[in-house]
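In the numbering used here, the protein residues as written are 121 to 315. C-beta atoms are modelled at their ideal positions from N, C-alpha and C, and glycine is treated no differently. All remarks here apply to the structure that follows.
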């Protein structure tokens, strides 16, 4: 995460927390737990940083896979697709941990703005996990079934890879949309005058 984006997010979490504290009921009604939710999100963001490292380390693998398929290099396709499957499996563990923490935060009594922010953040991450599952399945099929000598099997695997790649792109676009909405909500809260 870029330093400016991280700072903006930290300030937004603080503003959400402060806004939540103003509406705390304490003795009479339910206590606002926005600050506790924000702490869970800080922990979830640590899991997301793990995913980012895995992603950045493996970012060029898709292009390498496509090139290996074009050159009918079965050994390279199997090696690269196996690495992709392993990387996505590692990232998925961290992603599910982050989703669990966001779920815990969503179960807390938080102010309306923060509840919506958490929903959008959850939706964004969930769509990313769905997208990477598409990519993992495509890579798994390549790893297990790619055979450039069998024209029919080659065509089926290539078509599946293309279809899942398109699904990956669509799901990632939805994830980016949810993430943008969450970021815009955070910015809107920051721009509001203090009450």
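> Who are the near neighbours of residue 174 in its chain, counting only those whose CB is closer than 7 Å to its CB and skipping five residues on each side?
Replying inline: 207, 210, 211
>> Between residue 302 and residue 237, how many whole angstroms is the CB-CB distance? I'm expecting something under 8 Å.
In response: 5 Å
> For residue 253, does the three-state DSSP call read helix, strand or coil?
Replying inline: helix
> For residue 182, does the three-state DSSP call read helix, strand or coil?
Replying inline: helix
> When we look at the beta-carbon of residue 310 and count the other beta-carbons within 10 Å, is it buried (16 or more) or exposed?
Replying inline: With fewer than 16 other Cβ atoms within 10 Å, it is exposed.
>> Buried or exposed for residue 143, going by 16 or more other Cβ atoms inside 10 Å?
In response: Any answer about residue 143 is weak, because its pLDDT of 43 lies below 50 and its placement is not dependable; what the coordinates show is given next. Burial state of residue 143 is exposed, judged by a 10 Å Cβ sphere holding fewer than 16 other Cβ atoms.
> On the three-state DSSP scale, how would you describe residue 212?
Replying inline: helix
> Do residue 225 and residue 167 have their CB atoms nearer than 9 Å?
Replying inline: no
>> What does the alpha-carbon distance come out to for the pair residue 193 and residue 204?
In response: 16 Å
> Is the beta carbon of residue 307 sitting closer than 9 Å to the one on residue 281?
Replying inline: no
> Rounded to a whole number of angstroms, what is the C-alpha to C-alpha distance between residue 220 and residue 252?
Replying inline: 18 Å
>> Distance check for residue 240 and residue 298, CA to CA, integer angstroms please.
In response: 5 Å
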